[in-house]
Structures are given as C-alpha cells and as structure tokens.
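What follows is a short report on a single structure.
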Amino acid sequence: MGVFAALDVSQEETAICVVGQDGVLVAETKVPTCPDAITGWLAERASGLERVGMETGPLAVWLWNALTERQVPIICIDARHANGVLKMMPNKTDRHDARGLAQIVRTGWFEAAQIKSHDAYVNRAMLTAREALVGMRVRLENEIRGLLKTFGIMFGKRVGGFKRRAEEIIRDELTVVPDLVPIFEALMQARRDILARIAALDSRIRAVARRHATVRLLMTAPGVGPITAMAVVAAFDDASRFRRSSSAGAYLGLTPRRYESGEISRNGRVSKRGDAFTRKCLFEAANAIFCRNLGGPRLRDWAKAIAERTGPRKAKVALARKLAVTLHAMWRTNTPFREAAVA
Numbered sequence: 001m002g003v004f005a006a007l008d009v010s011q012e013e014t015a016i017c018v019v020g021q022d023g024v025l026v027a028e029t030k031v032p033t034c035p036d037a038i039t040g041w042l043a044e045r046a047s048g049l050e051r052v053g054m055e056t057g058p059l060a061v062w063l064w065n066a067l068t069e070r071q072v073p074i075i076c077i078d079a080r081h082a083n084g085v086l087k088m089m090p091n092k093t094d095r096h097d098a099r100g101l102a103q104i105v106r107t108g109w110f111e112a113a114q115i116k117s118h119d120a121y122v123n124r125a126m127l128t129a130r131e132a133l134v135g136m137r138v139r140l141e142n143e144i145r146g147l148l149k150t151f152g153i154m155f156g157k158r159v160g161g162f163k164r165r166a167e168e169i170i171r172d173e174l175t176v177v178p179d180l181v182p183i184f185e186a187l188m189q190a191r192r193d194i195l196a197r198i199a200a201l202d203s204r205i206r207a208v209a210r211r212h213a214t215v216r217l218l219m220t221a222p223g224v225g226p227i228t229a230m231a232v233v234a235a236f237d238d239a240s241r242f243r244r245s246s247s248a249g250a251y252l253g254l255t256p257r258r259y260e261s262g263e264i265s266r267n268g269r270v271s272k273r274g275d276a277f278t279r280k281c282l283f284e285a286a287n288a289i290f291c292r293n294l295g296g297p298r299l300r301d302w303a304k305a306i307a308e309r310t311g312p313r314k315a316k317v318a319l320a321r322k323l324a325v326t327l328h329a330m331w332r333t334n335t336p337f338r339e340a341a342v343a
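Structure representation (structure tokens):
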C-alpha cells in the first residue's frame, strides 16, 4: 500500500508529513530546506511513496527541479487552491499545513501547477530585471521633478527630452542655489547609469529574439515587439499546455469574472489572474494597435466597434485578450500572423 507526502517549505526548514491511503498519519518531521535532506528522510521513512506535493512559492521551482533529479515523485499544487482547504484549520502552523497538504495530495483534490523550462525562467528574469530598472528610472525622474518644485523651479516639457532640460536647469537656474548642484548631478548620474543598464538588457533581449524562432514568429503580429513576444513565450512556455487557444486569455486574467448563485447571475471585471507583466505587455500592444497605425486594420476596426458600445478601455482589454489568443494559435500552428484568419 502506497503512502503520500507533503512539504510545507520555508526558507530555513521544511515540514514533512506522510499519510497512508486511509489518511492516517504515518510520520512527520522538520528538516533543513535542502533537497538531499528531504530525499534522505523520505527514502528512510516513506517506503512505497506514490506522490509528494508542495505549494507554489519562491522556492518551488528550485526544489521541484532538484527533487525531480533525485527521482522523487514531486508535484506543485496551486497555492490559491490549497489555501481554500488550509484556511479551514483553526490553528495555522507549518505542521498543520503539511498535514493538510498531505490530505490534498492523497485525495487528488488539487490542480497541479506546471513548472516551466529553464530557458523560460531565464528569459523572464531578464524581462523582470529590465522592468525593475525602468521603474527606478521613472522614480528618479519624478524625484528630480518633485525636488525642483520645492525651490520654485518647474521642470515642464522642453524639446530635447528629460536629459536636455535637466542639464539646462543645473547649468542656469540652479546657479542661484549652488548647494543643490551636487545633489541633482548625483541623481542625473544615477539616471545615466540606469539607462546604460537598460540599454545593455535591450541589446541582450534583441539578441535572444533573433535566435528564438518562436519569438520571431510572434513578432509578425502587429504591435508585438521582442519584449511582448518574449513575455508571452515565457508565460506559456509550451503551446501544447492549452487544448484551445481561447484558454490563453483566461490564463492571463483577461476574461471577466463570473458569479452565479440562485437567481443572481452577473459578469464582473477581468480576473487579473496569472502573469501580470505579460498582461501589461499585451495591453500596451493593444493600445498601440488601437491608437496608432501599426497594421492590423481589421483588429483596430473590431476594437473601435467595441469602444463605441463600452468605451475605449474595455475595448483595449478585449483586444489584448484577442492578441493573447491569436499569438497562442500562431505558436501552436507555427503560422505567421494573417489578419484574414484572425478576422
């Protein structure tokens, strides 16, 4: 008779619980969060192991890969689904969480989360790093504008962009307050360094896009550049994971919530589940198609017709969902963008 185990993973220690087919506790303990320690304890105390479960989390990818290499039958459980069961326990401890996860694994009442390929996580890390640097640049620019207002200097908008206007202020308008010059020069130097790092990552992203056949294929769609294409590839990882391309929109949280109970039946706003960065990239691509002449006139006309009924914002979200579905279909069939097929 086989047994089932569950791991409640934290940074320092991992709680392990093993239960039998009938749900009776077999063994439990805490070991260091180390694949060798976990594998060794399971080999000693859990003979006939059928399945080991753990929740998705920051350490899940590393631990799943390490345990899979050691022939442990590990699966990842969607943390949102596991939370629905674990929150029923009156006392929340690592041991109780491990016990609850073990019962979920035993009954099979869970949805396994897919662990993506190594390349998908590397590409996503590159995109995330670039997004963080862009956020730093924006915060620095806003900080410079805000500090200048304290001294009555309005940054405003000038021909030549942010850099030229900032240099003009440091050279001319800050001469009356010389103590401020080193402060703003330091902020501008930090901005220049961040821009250099962003440019380096952009070059790396373009190089990866040139080598990656799927990214080049998705870039044939209007409004889709290397960043959006790489984000979609990293989010889906494998086109075969969805039986229907229409599931791609729901996976990225671009479909409305549904609530139905008795006589009540209503649709809500989009769920915003899944990859927020990919959803943002698709929305920006949809906004570019909607507002600019980037090709795809039928897509634009379709979105404009929706905008007349519900407003431009909802139309752009609908267009982003359509783009997600279209990109997945292009990937699955290995076919470049054809507007007639989309229409």
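According to the UniProt record's numbering, numbering within the sequence shown proceeds without interruption in unit steps and concludes at 343.
Backbone N, C-alpha and C fix where the C-beta goes; we use that ideal spot for every residue, glycine too.
- Here V9 is not near T29, since their CB atoms are 8 Å or more apart.
- Counting along the chain, the unbroken beta strand (DSSP E) around E13 starts and ends at 13-20.
- Each residue's CA atom was taken as its position, placing Y251 and V26 some 37 Å apart.
- The criterion of a C-beta distance shorter than 8 Å is not satisfied by G53 and I16.
- The beta-carbon separation of F155 and R165, rounded to 6 Å, stays under the 8 Å limit for a contact.
- Taking A234 as the centre and dropping the five residues before and after it, the same chain places the C-beta of A120, N123, R124 closer than 6 Å to its C-beta, in chain order.
- Inter-segment contact for the stretch 222-237 and the stretch 123-141 is present: three or more beta-carbon pairs are separated by less than 8 Å.
- Below 8 Å, enough C-beta pairs join the stretch 237-245 and the stretch 325-332 to call them touching: three or more.
- Out of T14, L101, L147, the CA that lies nearest to the CA of V85 is found in L101.
- Assigned with DSSP and collapsed to three states, N91 falls in coil, not helix or strand.
- The beta carbon of I153 lies closer than 7 Å to those of I169, E173 in the same chain, with the five residues before and after it left out.
- Where M230 is concerned, the enclosing alpha helix (DSSP H) starts and stops at 226-236.
- If you look at S247, you'll find it in the alpha helix (DSSP H) that goes 247-251.
- Annotation: A329 to R145 spans about 45 Å, alpha carbon to alpha carbon.
- Sequence-distant partners of A248 (beyond 5 residues in either direction) whose C-beta falls short of 8 Å from its own C-beta, in its chain, are F236, F242, A324, V325, L327, H328.
- Residue ranges of uninterrupted alpha helix (DSSP H) with 4 or more members, entirely inside the UniProt domain "Transposase IS110-like N-terminal" (6-150) and ordered along the chain, are 35-45, 60-69, 79-86, 94-107, 118-150.
- Looking from the CA of R139, the closest CA among L187, R211, Q114, I183 belongs to L187.
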